[in-house]
Every structure is written in C-alpha cells, then in structure tokens.
Ligand SMILES: [Mg+2]
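Right, here's the structure in full:
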C-alpha cells in the first residue's frame, strides 16, 4: 500500500462543538476590542482563528495596525474562555468518525495528522472528550499561521519529523468540510476529500472540484475508499 499522510480538519469534519466557540469569541472580542464585529453574517467555516478575529474586526471598521497590536491578547483570552466550555456534552462526533479514525489508525500505510484553523490547545481540548488525541500525534494549527494555505507544508514537515518519511503530492490527503480545506493544498497537488457534514453545502463543495466528495462518513468503507483513493489512484 502506498504510504499516505491523512490530515483531518476538526470542526464540521471530525466533530461539532456547537455555539460555545461563538460565545467565547464574542466575550474575548468585546473585552479586547470593544465590539464583536459582524458575527451573525461572517462565514467562519474553514478559516483560522486569527483570520476570524481579523475578519470580524475589519468588519467592525478597525485598522490592521490596531488589530495586529491586540490579536495575540484577543486569542489568548478566547482560548482561556473556550477551553473550559469544551466539556463532553458540548462535543459531538460527526457520523462514522470514531470508526473511521480507528480504521485509519490501524492501517500501517496511513500516518494521521490534524490540519485545522483552531489554536492547538483548543484543538486538543475538542478532541479530548472523544478520546481522539491519541490518534493525532501532530498537526498544523491556526496557532502556527493565520493563512490556512500555509498549514499543509507545516503538517508535511511535522510528519517528516515524526516518521522520517517525505509525503508529497497525492500522498498527502486533506479531509475537510469547507471550500478552504479543498483549496489549501492545491499548490502542493494533494488529494482533497470534502465532506458535507459541516455548514457548507454539497453543491458548493462540488464546485471546488475535490478529488472525492461525501455527504458524511457514516459508510466507513466508502470513506476509506474516498480517502485512500482506491480505484482512482
Ligand atoms: Mg471545518
């Protein structure tokens, strides 16, 4: 079997964390900038946490210099507020995820990682109630870079450090529920697997021309085939 690095998005893909994200973000933005910005109209899916803060504060009319000066403290306050809210009953695994991750983790040809806009400590706190952290030894996070397109090379480098293997091209699989998950690895020629289990419609994901597209991962065999590219290389 061809070795593959399989990188999972978190929100809308592995799990749902409900509205606690917005609650913690609204509190941190109000405390730091005095406004939440246009939270009700802003599209959060697929964006990194620092990108979300910048987008909302630009939407509130703030200059980038002001945003840059307070971005770090805002994210710190957000994480401190969010982590205690990420208790077991706030986190729901997406359909088929526990079985799918278990299957992939048991496949000798697969190296698993995370690729998410979450700050790393928030990502770990979300995975903890589902006991998924043990399957994701490394990842690339919103705390590594504001631009999601910068995250795949970081994940590939961490995979090399963890395994000694250089993953490239279609040997890298990015799994996510947003158009930005599909787009972020295009420059590296990765395999993109989109799943319509988040807030983005199947039609909108399809328009991004992912290598595979599923409604959800409840059919674990279909999910394995989509991710490993069986039958399509
Ligand atoms: Mg997502």
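In the numbering used here, the protein residues as written are 1 to 233. Think of the CB as a built atom: it goes at the ideal place given N, C-alpha and C, for glycine as much as any other residue.
- Where residue 104 is concerned, there is no enclosing beta strand (DSSP E), although the alpha helix (DSSP H) around it starts and stops at 97-105.
- Each of 5, 36 and 32 was checked against the Cα of residue 26, and the nearest Cα belongs to 36.
- At a cut-off of 3 residues, the continuous stretches assigned as beta strand (DSSP E) that sit fully inside the stretch 126-200 are 172-176 and 191-195.
- If you look at residue 58, you'll find it in the alpha helix (DSSP H) that goes 49-59.
- Boundaries for residue 86: no alpha helix (DSSP H) harbours it, and the DSSP string shows neither H nor E there.
- The closest heavy atom of ligand 1 lies less than 7 Å from the beta carbon of residue 9.
- Between the stretch 79-95 and the stretch 115-128 there are three or more C-beta pairs closer than 8 Å, enough to call the two in contact.
- Note that the C-beta distance between residue 96 and residue 28 is not below 8 Å.
- Setting aside the 5 residues that flank it on each side, residue 94 is surrounded in the same chain by 13, 14, 15, 16, 197, 216 and 217, each with a C-beta closer than 7 Å to its C-beta; the list follows chain order.
- By the Cβ rule, the stretch 177-192 does not count as touching the stretch 58-65, because fewer than three pairs are nearer than 8 Å.
- The closest heavy atom of ligand 1 lies 7 Å or more from the beta carbon of residue 215.
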